[in-house]
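Undergrad: Those sequence lines, one after another, are chains A and B. Everything in the first sequence is counted per my numbering, starting at 1 for the first residue and increasing by one. Everything in the second sequence is counted per my numbering, starting at 367 for the first residue and increasing by one. Take a look at the following structure, please.
Protein chains: 2
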Amino acid sequence: MAHLRNFTPGPVEVSDEVLAAQYGPQRLHVGPGFSQAYVRTTENLRKVFGTSGYVAIIPGSGTLANEIAISAMLDAGQTALILDAGYFSSILKWAVEGCGANAVLLPVADGNPADPEALRVALATRKIDLVCYTHVETSTGLQQPVEALAKVAQEAGVPVMVDSVSALGTCPAQMDDWGISIMTSGSQKGLESVPGLGLVAVADTAWARIEAKQSPRGAYTDILRWRDQLDAARDWHPSLTTMPVAAVYALDVAMNKILSEGLDTRYTRHVEARDFLCGAMEKLGLELQIVPGSRASGVTAIKTSGRFRSSDLVAALAAGHNIRIAGGFGANKEDVFRVAHMGDNAKVGVLRPVTDGVESFLEQQI
Amino acid sequence: MAHLRNFTPGPVEVSDEVLAAQYGPQRLHVGPGFSQAYVRTTENLRKVFGTSGYVAIIPGSGTLANEIAISAMLDAGQTALILDAGYFSSILKWAVEGCGANAVLLPVADGNPADPEALRVALATRKIDLVCYTHVETSTGLQQPVEALAKVAQEAGVPVMVDSVSALGTCPAQMDDWGISIMTSGSQKGLESVPGLGLVAVADTAWARIEAKQSPRGAYTDILRWRDQLDAARDWHPSLTTMPVAAVYALDVAMNKILSEGLDTRYTRHVEARDFLCGAMEKLGLELQIVPGSRASGVTAIKTSGRFRSSDLVAALAAGHNIRIAGGFGANKEDVFRVAHMGDNAKVGVLRPVTDGVESFLEQQI
């Protein structure tokens, strides 16, 4: 079976250098060699998260990283407000309730970004202990006005947790400047590496709240333990547990690749790729799910507008073009298709076979 | 730098077939191909755990698997009794306290297995809601009388959680027959695969207790969610989250390798390897840390008896023989060295360079 080039929103295609970093005999998760790679990777991640704080690389996924981050910030019985922009926003509710806290959902209008004023009103109306939202909503390709939302929360004195699983590495993140307390990601999307690692970044200002937590902290899921382990054994055993060593070496190479390109160059390239894709889709008469100005740098959702079923397009691109794209999410499954343009896929030349494939599919429709 | 053949107690050396299963372009964690591999691997794991119940393959490590298993079985405020046989027993305490429960430690005499009678007395003395112990204590090479201990707990009506991270795949496990409610492992030790996956096996009889849990369940850390996801989407998206796909394919190959050899043959081979190593060490005048009859099939701890520092032996074997072994744990660090004989290392011919290396090191001591 031919390998399908993967334009689904993660795990993304991974470069040969990153894949190669995984290969070879088993290596240990202790000792100076691994420790240096682990610490170097956390330091490189700080640049991408935009923080002088702490970053943990934790075996697991973005969902685990979200659970760790949210439970760090919330005591049982407290209340989190979640900006509900779709599936990946609403699963933050799951993490909030999973630690015994209450979740209040503030709905976001379809296709639009969350309104900072609506957040301001909501925070004035009731006692909220944490604001949570996705940086990019993978199910729709919505990129939130992260900074404006964080400023509103900050003015209300409420800490902010941002799920940047789908965004990090495709667009700017400035945790410290934007006043975000805790932010998460995963290894397999905008950071262009293999799956298996959840990432949790903690601003220096967040520790007081985290340390004050009264209800049970978990064990592996307790971010304090990861921080303390790094402090205690940075040169020999920097992580709390047996690591998927190959995945850490792969992420190390991916981070070097990202920083060698330069973050500004990289983000500009993602915007150009998105604009090319969005322009090509509109030229074909297709409508985009998200309003201009809020379209994600890493993933775009396009409406079928009743002209075809997205599953037919997905199948046609796989069969005729060796390209894998994604359908919509939930109720929109057949009404939307999604193309991710993260990492090496965020190039006009790489995306052109996708736009050509969509064009030829549409031509074959009656 | 030459690759050192790894005789530390995990991650173990991995065969070329298992390594090869990881290689190649990224694959997705959804779709029939991956789903079949995931489900097949869980079904093969049931044979090794000795259960007709459910097995979850969860991105993370054995420590995470322990947290998930223990928190599934305990409400906040309940009490777990932990048989404390060393470092890896006492970190079960961490998982118990991490979910807001109380931990009572029952100390196990150095070098000896836990005494079922002592457990019987302890369970008669106070209200205990869960008994926890390690199948093999990695820090000392103690293999517990798992079945006898479980029977005592069962007679007292208390469920049992067993950490089999270091044992599974090296010696029999019969969860159902032995009356164990929940048992954990990791991919990188006796199962001979790469790190990155925690394993949680749940006996059918345990679900009533798990479903009755009142205190917060976590999200990713809620075993009910993993079970429900498998039930709901076995053919397309059997796991709750983005999986480290390569690690699952590697474990699939490793499980086929294990079952092709046959479990009985495999366990006998591990016993023979252990007996060869123990015999060779005693012939060299070295004393073993664990009494006969309770020595683990997968890892052996040998005392230096003040004749040398274990770190000097570790260094000598690395420098002169391309072999990596481990020192002792905690206070015993320099007084003990440990050799793991798991998987392909559980062969007399493979172990002989280790025993030869120890012999030549001893000859060079004054």
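C-beta: ideal position from N, C-alpha, C; glycine also. Quantities reported herein were computed from a predicted structural model and do not represent experimental measurements.
For B:Asp542, which residues in chain A fall below 8 angstroms Cβ to Cβ?
TA: Sequence index remark: in the second sequence, residue 542 of chain B carries index 176 (1-based). Near B:Asp542 there are no residues of chain A at all, since even the closest Cβ is about 27 angstroms away, more than 8 angstroms.
Undergrad: So, with DSSP's three-state summary, where would you put A:Ser185?
TA: What you label residue 185 of chain A is simply residue 185 of the first sequence in a count that begins at 1. In this structure, A:Ser185 counts as strand in the three-state DSSP scheme.
Undergrad: Please report the residue range of the alpha helix (DSSP H) in which B:Met439 lies.
TA: Here the question's residue 439 of chain B lines up with position 73 in the second sequence. Run containing B:Met439: Gly428 to Met439, per the alpha helix (DSSP H) assignment.
Undergrad: Excluding the 5 residues flanking B:Ala735 on each side, which residues of the same chain have their C-beta closer than 6 angstroms to its C-beta?
TA: For chain B, the structure presents residues 367 to 732; residue 735 of chain B sits outside this window and is missing.
Undergrad: List the whole-angstrom C-beta distance separating A:Ile182 from A:Ala201, where the pair is believed to meet the contact cut-off of C-beta under 8 angstroms.
TA: As a working mapping, residue 182 of chain A is identified with position 182 in the first sequence. As a working mapping, residue 201 of chain A is identified with position 201 in the first sequence. At roughly 7 angstroms, the Cβ-Cβ gap stays under 8 angstroms, so A:Ile182 and A:Ala201 are in contact.
Undergrad: Roughly how many whole angstroms lie between the Cα atoms of B:Ala438 and A:His237?
TA: Reading the second sequence from its first residue, position 72 is the one you call residue 438 of chain B. Reading the first sequence from its first residue, position 237 is the one you call residue 237 of chain A. Going from the Cα of B:Ala438 to the Cα of A:His237 covers about 29 angstroms.
Undergrad: Over the uninterrupted beta strand (DSSP E) stretch that includes A:Gly55, give me the two end residues.
TA: The residue labelled residue 55 of chain A in the question sits at position 55 within the first sequence. The sequence given here places Val at residue 55 of chain A; Gly does not occur at that position. Here the beta strand (DSSP E) through A:Val55 covers Tyr54 to Pro59.
Undergrad: If I'm right that A:Cys99 touches A:Ala76 with Cβ under 8 angstroms, what's the distance once you round it to whole angstroms?
TA: Counted from its first residue, the first sequence places residue 99 of chain A at position 99. Counted from its first residue, the first sequence places residue 76 of chain A at position 76. Contact holds; Cβ gap of about 7 angstroms.
Undergrad: Which stretch, first to last residue, makes up the beta strand (DSSP E) that contains A:Ala201?
TA: Mapped onto the first sequence, residue 201 of chain A falls at position 201. Its beta strand (DSSP E) spans residues Leu197 to Val202.
Undergrad: For a quick check, are the C-beta atoms of A:Leu45 and A:Arg324 less than 8 angstroms apart?
TA: Translated into positions along the first sequence, residue 45 of chain A becomes position 45. Translated into positions along the first sequence, residue 324 of chain A becomes position 324. Not a contact, by the Cβ cut-off of 8 angstroms.
Undergrad: Mind checking who A:Lys303 pairs with in its DSSP beta bridge?
TA: In the first sequence, residue 303 of chain A corresponds to position 303, counting from 1. DSSP lists A:Val336 as partners of A:Lys303.
Undergrad: Which residues of chain A have a Cβ atom closer than 7 angstroms to the Cβ of B:Met609, listed in chain order?
TA: In the second sequence, counting from the first residue as 1, residue 609 of chain B sits at position 243. Neighbours of B:Met609 on chain A, chain order: Pro195.
Undergrad: Mind reading off the beta-carbon distance from B:Ala469 to B:Ile448? Whole number of angstroms is fine, and I expect it under 8 angstroms.
TA: The count along the second sequence starts at 1 and reaches residue 469 of chain B at position 103. The count along the second sequence starts at 1 and reaches residue 448 of chain B at position 82. Confirmed, Cβ separation roughly 6 angstroms.
Undergrad: Counting only the same chain and skipping the five closest in sequence on each side, list residues whose C-beta sits under 6 angstroms from that of B:Arg591.
TA: Residue 591 of chain B sits at position 225 when you count from the first residue of the second sequence. Once the five neighbours on either side are set aside, the close Cβ partners of B:Arg591 are Leu606.
Undergrad: Any Cβ of chain B within less than 8 angstroms of the Cβ of A:Trp236?
TA: Residue 236 of chain A sits at position 236 when you count from the first residue of the first sequence. It does not; no Cβ of chain B falls within 8 angstroms.
Undergrad: So with CB distances below 8 angstroms, who are the chain B contacts of A:Leu28?
TA: Translated into positions along the first sequence, residue 28 of chain A becomes position 28. By Cβ distance, chain B contributes Asn372, Thr374, Pro377 and Arg690.
Undergrad: Identify the residues that DSSP records as bridge partners of B:Asn688: which are they?
TA: Position 322 of the second sequence, counted from the start, is the residue given in the question as residue 688 of chain B. According to DSSP, which records beta bridges pairwise, B:Asn688 is partnered with nothing at all.
Undergrad: Kindly say whether B:His687, judged by its beta-carbon, lies nearer than 8 angstroms to any beta-carbon of chain A.
TA: Taking the second sequence and counting its residues from 1, one reaches residue 687 of chain B at position 321. Answer no: the Cβ-Cβ gap between B:His687 and chain A never drops below 8 angstroms.
Undergrad: With DSSP run on the structure shown, which of helix, strand or coil describes A:Cys99?
TA: Position 99 of the first sequence, counting from 1, holds the residue named residue 99 of chain A. DSSP places A:Cys99 in coil when its eight states are reduced to three.
Undergrad: Going by Cα to Cα distance, which pick from A:Gly306, A:Arg266 and A:Val160 is closest to A:Gly169?
TA: Position 169 of the first sequence, counted from the start, is the residue given in the question as residue 169 of chain A. Ranking A:Gly306, A:Arg266 and A:Val160 by Cα distance to A:Gly169 puts A:Arg266 first.
Undergrad: For the segment 489–537 of chain B, list the beta strand (DSSP E) runs that are entirely contained and at least 3 residues long, ordered along the chain.
TA: Counting only runs of 3 or more, we get 496–500 and 526–529.
Undergrad: Taking Cβ positions, are A:Pro59 and B:Gly426 nearer each other than 8 angstroms?
TA: In the first sequence, the residue the question calls residue 59 of chain A occupies position 59. In the second sequence, the residue the question calls residue 426 of chain B occupies position 60. Contact flag set, yes.
Undergrad: Scan the segment 595–641 of chain B and note each continuous beta strand (DSSP E) run of 3 residues or more that stays entirely inside, going in chain order.
TA: Here no run is fully enclosed.
Undergrad: Quick one: list the residues of chain A neighbouring B:Val405, beta-carbon separation under 9 angstroms, in chain order.
TA: Taking the first residue of the second sequence as 1, we reach residue 405 of chain B at position 39. Simply none; closest approach about 19 angstroms.
Undergrad: Return the Cβ separation of B:Gly693 and B:Ser671 in integer angstroms, given the expectation that the two are a contact with Cβ distance under 8 angstroms.
TA: Counting from one through the second sequence, the residue named residue 693 of chain B turns up at place 327. Counting from one through the second sequence, the residue named residue 671 of chain B turns up at place 305. That belief does not hold up - the Cβ atoms of B:Gly693 and B:Ser671 are roughly 15 angstroms apart, past 8 angstroms.
Undergrad: Would you say A:Tyr220 faces chain B, with C-beta separation under 8 angstroms as the test?
TA: Against the first sequence, residue 220 of chain A aligns to sequence position 220. Judged by the 8 angstroms Cβ criterion, A:Tyr220 is in contact with chain B.
Undergrad: Whose Cβ in chain A lies nearer than 7 angstroms to the Cβ of B:Ser427?
TA: Residue numbering aside, residue 427 of chain B sits at position 61 when the second sequence is read from its first letter. What B:Ser427 touches in chain A: Pro59, Thr241 and Thr242.
Undergrad: If you draw a straight line from the C-alpha of A:Ser185 to the C-alpha of A:Lys47, how long is it?
TA: Position 185 of the first sequence, counted from the first residue, corresponds to residue 185 of chain A. Position 47 of the first sequence, counted from the first residue, corresponds to residue 47 of chain A. Going by the C-alpha atoms only, they are around 14 angstroms apart.
Undergrad: If you pair each beta-carbon of the segment 291–305 of chain A with each one of the segment 380–399 of chain B, do three or more pairs fall below 8 angstroms?
TA: Taking 8 angstroms as the limit for Cβ pairs, the verdict is that the segment 380–399 of chain B does not touch the segment 291–305 of chain A.
Undergrad: Determine, for B:Gly466, whether the minimum Cβ-Cβ distance to residues of chain A falls below 8 angstroms.
TA: On the second sequence, residue 466 of chain B is found 100 positions in, with the first residue counted as 1. Cβ-Cβ to chain A under 8 angstroms: yes for B:Gly466.
Undergrad: Suppose contacts are defined by Cβ-Cβ distances below 8 angstroms. Is B:Leu515 in contact with B:Tyr499 by that definition?
TA: By one-based count along the second sequence, residue 515 of chain B stands at place 149. By one-based count along the second sequence, residue 499 of chain B stands at place 133. A contact, by the Cβ cut-off of 8 angstroms.
Undergrad: Tell me the DSSP bridge mates of B:Val394?
TA: By 1-based counting over the second sequence, the position of residue 394 of chain B is 28. Here residue 394 of chain B is Leu; the residue named in the question, Val, does not match the sequence. DSSP output for B:Leu394 lists no bridge partner at all.
Undergrad: Based on DSSP bridge pairs, tell me the residues matched to A:Arg5.
TA: Against the first sequence, residue 5 of chain A aligns to sequence position 5. A:Ile323.
Undergrad: In chain B, what lies closer than 8 angstroms to A:Ser416 by C-beta?
TA: Given a span of 1 to 366 for chain A in the structure shown, any question on residue 416 of chain A remains unanswerable.
Undergrad: Would you report the Cα separation of A:Val253 and A:Leu197, rounded to the nearest angstrom?
TA: Indexing the first sequence from 1 puts residue 253 of chain A at position 253. Indexing the first sequence from 1 puts residue 197 of chain A at position 197. Near 14 angstroms, if we compare the C-alpha coordinates of A:Leu197 and A:Val253.
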